[in-house]
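Peer 1:
Number of protein chains: 2
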Amino acid sequence: MTKKIFFLIIVSIAFASAIILFDLTSIFKDSEINTPTYYVLDEAQISQIKDLTPIIAQALEECKSKGHAGIKFPKGTYHFYPTYAPDFYTAITNNDNGLKRTPFPLFNFNNFHIDGGGSDFIFHGKMLPFIIEDSNNITVSDLSIDWDMPFFTQGTILENNPVNKTFDVKIETPFLVEDNRIYLTLERENSPYEEEFGHRYAKQEKYHQRLGQNIIWDRSTRAPIYKHGLYSGFDNSFFFPAKALNDSVVRLTSKYKMVPPIGSVFISKGEYLNNRECPGFRVFKSKDLLFKNINVHHSGAMGLIAERSSDITLDSFNVVLREDSNRLITTIADATHFCNCKGLITIKNCTFENMLDDATNIHGTYARVKKIINDNQIAYETYHPHQKDYFFGAKGDSIRIVDKNSLLPKSEILIIEDVKRINEKVSVLSFNKSIREIAEEYDGIDNISWHASAIIENNTVRNNRARGFLISTSRKVEVRNNYISSQMAAMRMSGDLKLWNESGPCDSLIIENNQFVNNLHGGNKQAIILIDPEQHLNKSQVEGYYHKDIIISNNDFYTFDSPILKAESVDGLIFKSNRVIQTDAYSPIFPDEPNIKINHCKNVTLKDNTYKLLTGEYLNLSVETNLN
Amino acid sequence: MTKKIFFLIIVSIAFASAIILFDLTSIFKDSEINTPTYYVLDEAQISQIKDLTPIIAQALEECKSKGHAGIKFPKGTYHFYPTYAPDFYTAITNNDNGLKRTPFPLFNFNNFHIDGGGSDFIFHGKMLPFIIEDSNNITVSDLSIDWDMPFFTQGTILENNPVNKTFDVKIETPFLVEDNRIYLTLERENSPYEEEFGHRYAKQEKYHQRLGQNIIWDRSTRAPIYKHGLYSGFDNSFFFPAKALNDSVVRLTSKYKMVPPIGSVFISKGEYLNNRECPGFRVFKSKDLLFKNINVHHSGAMGLIAERSSDITLDSFNVVLREDSNRLITTIADATHFCNCKGLITIKNCTFENMLDDATNIHGTYARVKKIINDNQIAYETYHPHQKDYFFGAKGDSIRIVDKNSLLPKSEILIIEDVKRINEKVSVLSFNKSIREIAEEYDGIDNISWHASAIIENNTVRNNRARGFLISTSRKVEVRNNYISSQMAAMRMSGDLKLWNESGPCDSLIIENNQFVNNLHGGNKQAIILIDPEQHLNKSQVEGYYHKDIIISNNDFYTFDSPILKAESVDGLIFKSNRVIQTDAYSPIFPDEPNIKINHCKNVTLKDNTYKLLTGEYLNLSVETNLN
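So the sequences go chain by chain: A and B.
Heads up: the first sequence runs through residues 42 to 669, numbered per the working numbering.
Heads up: the second sequence runs through residues 42 to 669, numbered per the working numbering.
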């Protein structure tokens, strides 16, 4: 019965909305039956429309007002432009804030399903495909998202000159050379004024952007190049002097140790604080969400960023290159990211490849004590520019104050009685108890009501810059049956009051039956599993331990290098029954490092692990322990 | 009696506000009398406070809730920092949109007076001193505003090298040289993170900005240098290669025809679309406002920008250099600006000097037809990036559609029945009548309900870049008894659908008894009075006239050059009884130009004008007329 209603195409009706830009009577079909039905789009009609944005935005208003169960697209390729897209001022943690234009503004929706029917959604210019806010029980399924012109620059190295430190790049993405610099260019509509006078403000409006965060990629492995730091830097302020040799080839001048090899691929995103504007999915203050059978081929920030939300499932939510594409990059930042979430996060059956950042990151964010106002009130501040207007907490949330140097809790649980926002950096918190004798300026505050549990299983991570899974949450997390081949650590459990202020110690983390394959080829001195809370004190000065109960068992570590596990400040660490298998995928970068480094941990068990060399011999894992 | 209450200092009471950051009981004095009284600040207390921002923001909340008549400062010097300032997302026409931090958030105030008592208000970093929105009968008086660190770079040329095209500048404002470029640096607070790691994001957050819109100033005249285009360009994308010679001297490399002379002054603001963030006064949707005895010594955008407001008086609202200051610049943009206003704008007894743009500009803004949706609806768009989220009109406003090529009205008066914002560029307008046969894509639409009358008298304009008064409004305007010595035209009456889309033909403009003194020394080919609607058609192709009834009489034009008046597309132009007096302030730049150029005007009267040469002889004014 459900299925029957699902595909029902019945009598059409007209829209009543005030923002009708098109006559939709022949496009949408509505139901006369009282049971909530799906809006079903007429394939013949919508396939003719250049820009589906205003039609879908209007359809969603209609869906909400009529209580439809969902909207269903016939399988096809649909284009979305920003011109008539509604916009919303949106503060998105770990991405760039601003007015975001979207065709799918899901605000205050309940029990709603967006069924793409296997369609390709192609976006143009600065857009945010899906905003899901204050919504419950939402499913998005069976669609792919991509952009016609990407948010990065890609080009193949044709020639290089180690003496002059120049290299010639055949650029494969839209670009502009001007003022001795190369700019990546994003898609935008020309106004008649601009037709007459040129793109006068394209640079200032960041449609042309200076390059930033450059990295060299290896075409043969489709991954970041081995030891990329020799050829490129992921720093922000640097941009290469550039000279156009012809319409598609640009000569760049390097400041790095070596020029990139011929045949390798130059990759760069735009300027920092302008290069995370367009995530694929923005989720905020929502609950019970399912993302299923989705391919994110590209996005101009993270693939999915969920914040202050609970109970989210990603099932076959893939961040993958399009099969026929020459591109080497999917998302400009993390594939997925969960901040300040609770309930259960499930990530299963997903492939995350070729991102310019991590596969996932589940964490809270420490705000920091800015001022003690009185016994029960503090002003707090968030420091990273990507945490402006971060939604730290609300009335009733449980908070803990952590010491600014040790990162360890220094208060019992406090309850928020009131939050008053002052500006995008500073808010005032009122607590149920006195904090006068406890809190000091610059201490961290952690919202422990919003730590999530997670199950991460049967996923593949490969060919991305940076890490696999980053876990910072004190609820139970299981990481099972995954394949992770990342450029840096496969897993990182950190916590810091430095750059990102990521909060939440781990408590009850299980990592088992995973395959870690040739991680750490970027050249960073990490470990495949890296547990490194960034305390300001030396670990030996800290009384107590940051993380608790981490079990790493029955995993396969295929690795060309030495570092397997680095663990700091853990109470209860089990590393057992793991198999390390040496490979010759790359030359070792840190062959003299011990396989396992344990620094200031308690209750550590290392047993039944094996280490098989290329020769077939077995060796004991080398362990360096500092238990002080 | 009023005066007595004014100075009353009575029993103090505590605040109930949730955002109390300070104990204010000893700072504010309240009245027990039922008559609305002023909040009076305790001098001894507030003079000790480093940052008055949170105290004033809270006091204003209290003033509103208690119905106070105003807030009174004891004479003193007070500092305002952004740290605890409330912020508001604000779209300000002709300035930069964004979250603005202010100590004076006057939203929904009525019958309120901010009495500065002759105080100096010193601002730090990115702040907007006064926001006045949805407020009526507001007076701000007796105060000055200034910034500790300015929004421009200033430096004296010590040496130059015409061969290498370099010049050495002793920089007098905060700066940074990095990556072979010079940055102006704005004030910001260091976070502990930044203390440890440096201003990692100062460039990306635009606290360090590349220079933009450079111009050379003349220290002896304190005005822009004669023929500045020889040495500098007001373009946006250009920035000089720079090398620090020592802590204060930087060698810049010019791309212009000549290097600036030794002793002249290099002036530059930051990057376009980031250099108009902080006007002094933002006025929006307000009525009956008086600004009296105010000195704006500096602001990081316009001095005062009023939008969608009516009946505003500026009396001794001065944009002037501080007497003891070495600075040569006051406001980064126009001293004052009125867009989409109605009622009567009065500007009297003001001095506007040393701005980087005009003294005032009174105009509407043409939006443009983007799409004809149906008989009664269009989508319109605003094109200039400084017109994002421009408030074009509301229900009941009278609109006229103007032809995109001739700028002449092509519709009768239409009434807005509804406005629906789609995004910051596009909105949908519903009219009371059909526009189907009238409107075409890219035609302009003009909101004629919001054209203001104006009286501009007894003002002085001097030493600024650009023009004096720009008038584009079809209500009566009188410009009398002013002294105007501007670098470009003293007065401009234009109208365009090109760059700025400034709307409103003049109708009944009187310009009399003014002194125009040595204008046009910048080298632009203009005229002291420039009437030049920027129609896309040749004037001879246009049937009809843009402006109407302009009287220019009894003025003194002291001028070293030839061009006095250029008038195009006026029906009813009188230029009579004016005295032109030749000076030797500068060498003539366009000596072969006629004094008066009339192109495509009707009903023109030129009579009783005199032209006295340096020799004492009198000459007839030369006139070039094209009446086709």
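Every residue, glycine too, gets a C-beta built ideally from N, C-alpha and C.
This structure is a prediction, so every number in the text was calculated from the model and none was measured.
Looking at chain B, is there any beta carbon in it that lies within less than 9 Å of the beta carbon of Q245 of chain A?
Peer 2: yes
Peer 1: Could you have a look at E103 of chain B and say whether DSSP puts it in helix, strand or coil?
Peer 2: helix
Peer 1: Under a CB-based cut-off of 9 Å, is S232 of chain B close to chain A?
Peer 2: Interface criterion met: the Cβ of S232 of chain B is under 9 Å from a Cβ in chain A.
Peer 1: According to the neighbour-count rule (16 or more other Cβ atoms, all chains shown, within 10 Å of its Cβ), is T226 of chain A buried or exposed?
Peer 2: buried
Peer 1: Output needed for S614 of chain B: all residues of its chain with C-beta closer than 6 Å, excluding positions within five of it in sequence on either side, in chain order.
Peer 2: In the sequence as displayed, the identity of residue 614 of chain B is Leu instead of Ser. Excluding residues within five positions, the ones whose Cβ falls inside 6 Å are I591, A608, C642, V645.
Peer 1: What's the gap between the Cα of N464 of chain A and the Cα of F162 of chain B?
Peer 2: In a straight line, the C-alpha of N464 of chain A is about 21 Å away from that of F162 of chain B.
Peer 1: Identify the residues that DSSP records as bridge partners of N402 of chain A: which are they?
Peer 2: A:L511
Peer 1: For the alpha helix (DSSP H) containing Q700 of chain B, list its first residue and its last residue.
Peer 2: This structure gives no information on residue 700 of chain B, because the portion of chain B shown stretches from 42 to 669.
Peer 1: For G253 of chain A and G509 of chain B, I'd like the C-alpha separation in whole angstroms.
Peer 2: 42 Å
Peer 1: Please classify G437 of chain A: is it buried, with 16 or more other beta-carbons within 10 angstroms of its beta-carbon, or exposed?
Peer 2: exposed
Peer 1: Any Cβ of chain A within less than 9 Å of the Cβ of H492 of chain B?
Peer 2: no
Peer 1: Should A85 of chain A be labelled buried (16 or more other beta-carbon atoms within 10 Å of its own) or exposed?
Peer 2: exposed
Peer 1: Using the Cα positions of L655 of chain B and F601 of chain B, report the straight-line distance between them to the nearest angstrom.
Peer 2: 9 Å
Peer 1: By how many angstroms is the C-alpha of P77 of chain A removed from the C-alpha of H109 of chain A?
Peer 2: Taking the straight line from one Cα to the other gives about 5 Å.
Peer 1: Check whether the Cβ atoms of I257 of chain B and F193 of chain B lie closer than 9 Å to each other.
Peer 2: No. Outside cutoff.
Peer 1: What residues match up with W541 of chain A in a beta bridge as DSSP calls it?
Peer 2: Its beta-bridge partners do not exist; DSSP assigns none.
Peer 1: Once the 5 residues before and after A435 of chain A are set aside, which same chain residues still bring their CB inside 8 Å of it?
Peer 2: I457, V460
Peer 1: Could you give the distance in angstroms between the alpha-carbon of E318 of chain A and the alpha-carbon of E318 of chain B?
Peer 2: 21 Å
Peer 1: Can you list, in chain order, the residues of its chain with a C-beta nearer than 7 Å to that of I572 of chain B? Leave out the 5 residues immediately preceding and following it.
Peer 2: M534, H588, I591, K607, A608, E609, V611
Peer 1: Taking only beta-carbon atoms, is S72 of chain B less than 9 Å away from chain A?
Peer 2: Low confidence applies to S72 of chain B: its pLDDT is 46, below 50, so where it sits in the model is not reliable, and the reading given next is rough at best. No, S72 of chain B lies away from the interface with chain A (no Cβ there is under 9 Å from its Cβ).
Peer 1: Report buried or exposed for K116 of chain A, applying the criterion of at least 16 other Cβ atoms within 10 angstroms of its Cβ.
Peer 2: exposed
Peer 1: Among residues of its own chain, excluding the 5 on either side of K268 of chain B, which ones have a beta-carbon nearer than 8 Å to its beta-carbon?
Peer 2: H562, G563, G564, I630
Peer 1: Quick check on S67 of chain A - is its C-beta less than 9 Å from some C-beta in chain B?
Peer 2: With a pLDDT of 47 at S67 of chain A, under the threshold of 50, the predicted position of this residue should be treated as unreliable, though the coordinate-derived value follows. Interface flag for S67 of chain A against chain B is unset, since no Cβ pair is found closer than 9 Å.
Peer 1: Helix, strand or coil for H249 of chain B per DSSP?
Peer 2: strand
Peer 1: In this structure, does DSSP put P114 of chain A in helix, strand or coil?
Peer 2: Sequence inspection shows Phe at residue 114 of chain A; the Pro mentioned does not correspond to that position. In this structure, F114 of chain A counts as coil in the three-state DSSP scheme.
Peer 1: Quick check: does the Cβ of S468 of chain B come within less than 8 Å of any heavy atom belonging to the ligand COA?
Peer 2: The ligand COA is absent from the structure shown, which contains no ligands of any kind.
Peer 1: Per the contact definition of three or more C-beta pairs closer than 8 Å, is the stretch 233-246 of chain A in contact with the stretch 176-184 of chain A?
Peer 2: no
Peer 1: List, in chain order, every chain B residue whose beta-carbon is nearer than 7 Å to that of I96 of chain A.
Peer 2: Under the 7 Å cutoff, chain B gives no residues; its nearest Cβ is about 13 Å from I96 of chain A.
Peer 1: Is T646 of chain A helix, strand or coil when you go by DSSP?
Peer 2: strand
Peer 1: L345 of chain A and H378 of chain A: beta carbons closer than 9 Å?
Peer 2: yes
Peer 1: Nearest by alpha-carbon distance to V141 of chain A: which of A:T134, A:F150, A:A126, A:K517 is it?
Peer 2: One point to set straight first is that residue 141 of chain A is Lys, not Val, in the sequence displayed. The shortest C-alpha separation from K141 of chain A is found at A:A126.
Peer 1: Would L654 of chain A pass as an interface residue toward chain B - the criterion being a Cβ-Cβ separation below 9 Å?
Peer 2: no
Peer 1: Alpha carbon to alpha carbon, how far is N500 of chain B from E575 of chain B? Give it in angstroms, no decimals.
Peer 2: Roughly 28 Å between the two C-alpha positions.
Peer 1: Whose C-alpha, out of B:L286, B:Y627, B:F171, B:E481, is nearest the C-alpha of D416 of chain B?
Peer 2: B:E481
Peer 1: For N359 of chain A, is the classification buried or exposed, using 16 other Cβ atoms within 10 angstroms of its Cβ as the cut-off for buried?
Peer 2: With 16 or more Cβ atoms within 10 Å of its Cβ, N359 of chain A is classed as buried.
Peer 1: Taking C-beta to C-beta, are E422 of chain A and R409 of chain A nearer than 9 Å?
Peer 2: yes
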